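Peer 1:
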Amino acid sequence: MADQDHYEVLGVARDASPDEIKKAYRRLARELHPDVNPGADAEEKFKLVTHAYDVLSDPDQRRRYDMGGDSPFGQSAGFGGFGDIFETFFGGGGARAARPRSRRERGQDALVRVTLDLADVVFGTHRDLEVDTAVLCETCEGSCCQPGTSPVTCEICHGSGHVERTVRSLLGNVVTSAPCGVCQGYGTTIPYPCATCQGQGRVRARRTVAVDIPAGVETGLRLQMPGSGEVGPAGGPNGDLYLEMTVAHHDVFSREGDDLLATLDVSMPDAILGATTTIESLDGPVDLEIRPGVQAGDVLTIKGRGITPLRGTQRGDLRVGVHVVTPTRLDAKERALIEDFKKKTKSPAPKLAEFQQGLFARLRDRFRNS
Ligand code: ZN
Ligand code: ZN
Numbered sequence: 025m026a027d028q029d030h031y032e033v034l035g036v037a038r039d040a041s042p043d044e045i046k047k048a049y050r051r052l053a054r055e056l057h058p059d060v061n062p063g064a065d066a067e068e069k070f071k072l073v074t075h076a077y078d079v080l081s082d083p084d085q086r087r088r089y090d091m092g093g094d095s096p097f098g099q100s101a102g103f104g105g106f107g108d109i110f111e112t113f114f115g116g117g118g119a120r121a122a123r124p125r126s127r128r129e130r131g132q133d134a135l136v137r138v139t140l141d142l143a144d145v146v147f148g149t150h151r152d153l154e155v156d157t158a159v160l161c162e163t164c165e166g167s168c169c170q171p172g173t174s175p176v177t178c179e180i181c182h183g184s185g186h187v188e189r190t191v192r193s194l195l196g197n198v199v200t201s202a203p204c205g206v207c208q209g210y211g212t213t214i215p216y217p218c219a220t221c222q223g224q225g226r227v228r229a230r231r232t233v234a235v236d237i238p239a240g241v242e243t244g245l246r247l248q249m250p251g252s253g254e255v256g257p258a259g260g261p262n263g264d265l266y267l268e269m270t271v272a273h274h275d276v277f278s279r280e281g282d283d284l285l286a287t288l289d290v291s292m293p294d295a296i297l298g299a300t301t302t303i304e305s306l307d308g309p310v311d312l313e314i315r316p317g318v319q320a321g322d323v324l325t326i327k328g329r330g331i332t333p334l335r336g337t338q339r340g341d342l343r344v345g346v347h348v349v350t351p352t353r354l355d356a357k358e359r360a361l362i363e364d365f366k367k368k369t370k371s372p373a374p375k376l377a378e379f380q381q382g383l384f385a386r387l388r389d390r391f392r393n394s
C-alpha cells in the first residue's frame, strides 16, 4: 500500500497547487475520518491519505518525492493520532500540529523581460541576462548560523514548534495547539545568526544568466528556466526563472504565422516591363524577379526566408506584396508620352469590380480556397 502514488491517493494532478492539495486532503479526511466512517478499511485509507498529504504539503518532501524518493511509510513525523487532523482544520494558520516547520522553503519564481528584434526571432539568439534575486549566502551556506555555531532546540516548545494549552470546557478538557511564538514554529532558535545574511541563509545579488533563446518566440511568450529563480529561505531549493518576450516593431517586416510580410514599391515602367532587383532580407540580399505586367497586390514568395517555428525546423516564407507606385509629378514632356501611350493602347475606362481588403487580400483568398 505504501507503493500507491501520493497524487493518485489524493486524486490530484501532479502539478496541483498547494491549495488544491490541501482541499483534496480536507475533503478525503472528512469522508474517511474514523469518527464518521468506522471500519478497518476506512482507517487504512485515512492513513494513506494523511501520509500522502504529509509528503505533498511539504515543498521539500514533495520535491524529493517527485524526483523519485520518498520517506518510508510511518517515518513521517506528522501522524500522531486522529486528534491532529482537527487541529489541521481548525488550528492557527493551518500549520501542522506536533511537527516543527522547516526554515528551508522553495524560493520564489523570478521574471525577467527580454526585448528582441525580429532577426533574433528568425534565427534565435543568445543573451547574458542580469538577474537580481536572492542567492545562497556564501558565509553560512544556507545554515543561517554564524560559522561554527548551529541552531539549538527551542526551550519553550522543546523542539515541537508548537505549544499546547488545555482549556476546561463543559465538554471536558480541550487541548489546543498553536505555533510556538519563541521559535516561530521552527522548533529551534539560532543563538548566533550569520552576520552576512542576518540569519536568512540568503542574500540579494545580481548575477548573469546565460540564455539561448530559440527562434520563433513571440511577444508575451514566457520561457521557463527551472531552478534558475530565487534561492529559498535557509538555502531552500531555487524557484524557476521566467523570461517574458517582447518583440520590437520592425520598420519593414511584419510577422504572420511563420511567414514574414513586406511591401515592394514597383515603379510603373518596371511593373509594365518587368525588372530584376535585389532586396535586403533578414538573411541578406535576395534577387527578386518582377515579371512584366505584374499587378498591384500580387505577392512574390521567397521560400524559406521566414521564421523557424518554435517547435519545428521548417522555416516559413517571405511574402512581398507588390505596390505599383503611380507617378504624381510629370513635366509636360512626360505627360505627353503617357497621353500618347493611352491613345495607342486604347486603355479601357475605369470599371467597377469586387472590393479587395488590403494588399494581401488576394493571397489570403487564394489560401482559403485551396
Ligand atoms: Zn549567512
Ligand atoms: Zn519553540
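Counted the way my numbering counts, the sequence shown spans residues 25 to 394.
From the three backbone atoms N, C-alpha and C, an ideal C-beta is built for every residue, glycine too.
Since the model is a prediction, treat every value here as computed from it, not as a measurement.
Just grab the DSSP bridge partners of C169 for me.
Peer 2: Position 145 of the sequence shown, counted from the first residue, corresponds to residue 169. Bridge partners of C169: P217.
Peer 1: Quick check: does the Cβ of C168 come within less than 6 Å of any heavy atom belonging to ligand 2?
Peer 2: For this step, residue 168 is matched to residue 144 along the sequence shown. Flag unset: Cβ of C168 not near ligand 2.
Peer 1: Report all residues for which the CB-ligand distance to some heavy atom of ligand 2 is below 5 Å; order them along the chain.
Peer 2: C178, I180, C181, C204, V206 and C207
Peer 1: Given that a residue counts as buried once 16 or more other Cβ atoms are within 10 Å of its Cβ, and exposed if not, what is V276?
Peer 2: Taking the sequence shown and counting its residues from 1, one reaches residue 276 at position 252. So V276 ends up on the exposed side.
Peer 1: Which residues in the same chain have their Cβ closer than 6 Å to the Cβ of C181, if we skip the five residues on either side of it in sequence?
Peer 2: One-based indexing of the sequence shown puts residue 181 at position 157. Excluding positions up to five away in sequence, the list reads V187 and C204.
Peer 1: Could you pull out every residue in the same chain whose Cβ sits closer than 7 Å to the Cβ of T325, ignoring the five residues on either side in sequence?
Peer 2: Walking along the sequence shown from the start, residue 325 turns up at place 301. Cβ neighbours of T325 beyond the five flanking positions: D341 and R343.
Peer 1: Contact defined as beta carbons within less than 8 Å: I believe R128 pairs with P250. What is the distance between those atoms, to the nearest angstrom?
Peer 2: The residue labelled residue 128 in the question sits at position 104 within the sequence shown. The residue labelled residue 250 in the question sits at position 226 within the sequence shown. Incorrect: roughly 18 Å between the Cβ atoms, too far for contact.
Peer 1: Pull up the DSSP beta-bridge partners for M249, would you.
Peer 2: Within the sequence shown, residue 249 is the residue found at index 225, counting from 1. Paired residue(s): L265.
Peer 1: Can you give the beta carbon distance from T149 to L160, rounded, assuming they're within the 8 Å contact cut?
Peer 2: Locating residue 149 in the sequence shown gives position 125, counting from the first residue. Locating residue 160 in the sequence shown gives position 136, counting from the first residue. Not really, about 29 Å apart at Cβ, beyond 8 Å.
Peer 1: Assuming contact is defined by CB atoms lying nearer than 7 Å, are G211 and P124 in contact in what I supplied?
Peer 2: Translated into the one-based positions of the sequence shown, residue 211 becomes position 187. Translated into the one-based positions of the sequence shown, residue 124 becomes position 100. Against a cut-off of 7 Å, the Cβ pair of P124 and G211 comes out as a contact.
Peer 1: For A295, does the three-state DSSP call read helix, strand or coil?
Peer 2: Looking up residue 295 in the sequence shown gives position 271. Reduced to three states, the DSSP call for A295 is helix.
Peer 1: Excluding the 5 residues preceding and the 5 following G317 in the sequence, name in chain order all residues of the same chain whose CB lies nearer than 6 Å to its CB.
Peer 2: By one-based count along the sequence shown, residue 317 stands at place 293. Residues of the same chain with a CB within less than 6 Å of the CB of G317, apart from the 5 flanking positions on each side, do not exist.
Peer 1: Can you tell me whether R230 is buried or exposed? The criterion is at least 16 other CB atoms within 10 Å of its CB, across all chains shown.
Peer 2: On the sequence shown, residue 230 is found 206 positions in, with the first residue counted as 1. By the neighbour-count definition (other C-beta atoms within 10 Å, threshold 16), R230 is an exposed residue.
Peer 1: Suppose contacts are defined by Cβ-Cβ distances below 7 Å. Is V146 in contact with L334 by that definition?
Peer 2: Position 122 of the sequence shown, counted from the start, is the residue given in the question as residue 146. Position 310 of the sequence shown, counted from the start, is the residue given in the question as residue 334. No, Cβ-Cβ distance for V146 and L334 is not below 7 Å.
Peer 1: Ligand 1 and T157: does the residue's C-beta get closer than 6 Å to at least one heavy atom of that ligand?
Peer 2: For the purposes of this step, residue 157 is identified with residue 133 of the sequence shown, where counting begins at 1. Taken from the Cβ of T157, every heavy atom of ligand 1 lies 6 Å or farther away.
Peer 1: Give the residues whose C-beta lies closer than 5 Å to at least one heavy atom of ligand 1, in chain order.
Peer 2: Those residues that have a beta carbon less than 5 Å away from any non-hydrogen atom of ligand 1 are, in order along the chain, C161, T163, C164, C218, T220 and C221.
Peer 1: Between the C-alpha atoms of A286 and D78, what's the straight-line distance to the nearest angstrom?
Peer 2: The residue labelled residue 286 in the question sits at position 262 within the sequence shown. The residue labelled residue 78 in the question sits at position 54 within the sequence shown. Those two C-alpha atoms are separated by around 59 Å.
Peer 1: Is the separation between the beta-carbon of D133 and that of D236 shorter than 7 Å?
Peer 2: Here residue 133 refers to the residue found at position 109 of the sequence shown. Here residue 236 refers to the residue found at position 212 of the sequence shown. Not a contact, by the Cβ cut-off of 7 Å.
Peer 1: If you compare alpha carbons, which of T300, C164 and D322 is closest to L312?
Peer 2: Residue mapping note: residue 312 aligns to position 288 of the sequence shown, counting from 1. When the alpha-carbon of L312 is set against those of T300, C164 and D322, the nearest one is in T300.
Peer 1: Report the CB separation of C169 from C218 in whole angstroms; it is logged as a contact under 8 Å.
Peer 2: Here residue 169 refers to the residue found at position 145 when the sequence shown is read from its first residue. Here residue 218 refers to the residue found at position 194 when the sequence shown is read from its first residue. At roughly 6 Å, the Cβ-Cβ gap stays under 8 Å, so C169 and C218 are in contact.
Peer 1: Can you tell which of S278, H274, R88 and K368 has its C-alpha closest to the C-alpha of V261?
Peer 2: Here residue 261 corresponds to residue number 237 of the sequence shown, with the count starting at 1. According to the sequence displayed, residue 261 carries Pro and not Val. Here the closest residue by C-alpha is R88.
Peer 1: Within 10 angstroms of its Cβ, does H273 collect 16 or more other Cβ (buried), or is it exposed?
Peer 2: Numbered from 1 along the sequence shown, position 249 holds the residue referred to as residue 273. Answer is exposed; the Cβ neighbour count stays below 16.
Peer 1: Could you give the DSSP three-state label for P42: helix, strand or coil?
Peer 2: Mapped onto the sequence shown, residue 42 falls at position 18. In the structure shown, P42 sits in a helix (DSSP, three-state: H, G or I).
Peer 1: Within 10 angstroms of its Cβ, does R226 collect 16 or more other Cβ (buried), or is it exposed?
Peer 2: Taking the first residue of the sequence shown as position 1, residue 226 is located at position 202. Result: buried.
Peer 1: Pick from E67, T173, R86 and E280: whose alpha carbon is nearest that of G330?
Peer 2: On the sequence shown, position 306 is the one that residue 330 refers to. When only C-alpha atoms are compared, the closest one is E280.
Peer 1: To the nearest angstrom, how far is it from the Cα of S291 to the Cα of K367?
Peer 2: For the purposes of this step, residue 291 is taken as residue 267 along the sequence shown, with counting starting at 1. For the purposes of this step, residue 367 is taken as residue 343 along the sequence shown, with counting starting at 1. Cα to Cα, S291 sits roughly 21 Å from K367.
Peer 1: Determine the contact status of M269 and V233, defining contact as a CB-CB distance below 7 Å.
Peer 2: As a working mapping, residue 269 is identified with position 245 in the sequence shown. As a working mapping, residue 233 is identified with position 209 in the sequence shown. In this structure, V233 does not lie closer than 7 Å to M269 by Cβ.
Peer 1: Can you pull the DSSP bridge partners for A286?
Peer 2: Taking the first residue of the sequence shown as 1, we reach residue 286 at position 262. Answer by DSSP bridge pairing, in chain order: V344.
Peer 1: How is the alpha helix (DSSP H) around D65 delimited, first residue to last?
Peer 2: Here residue 65 is taken as the residue at index 41 of the sequence shown, counted from 1. First-last of the alpha helix (DSSP H) with D65: A64 to L80.
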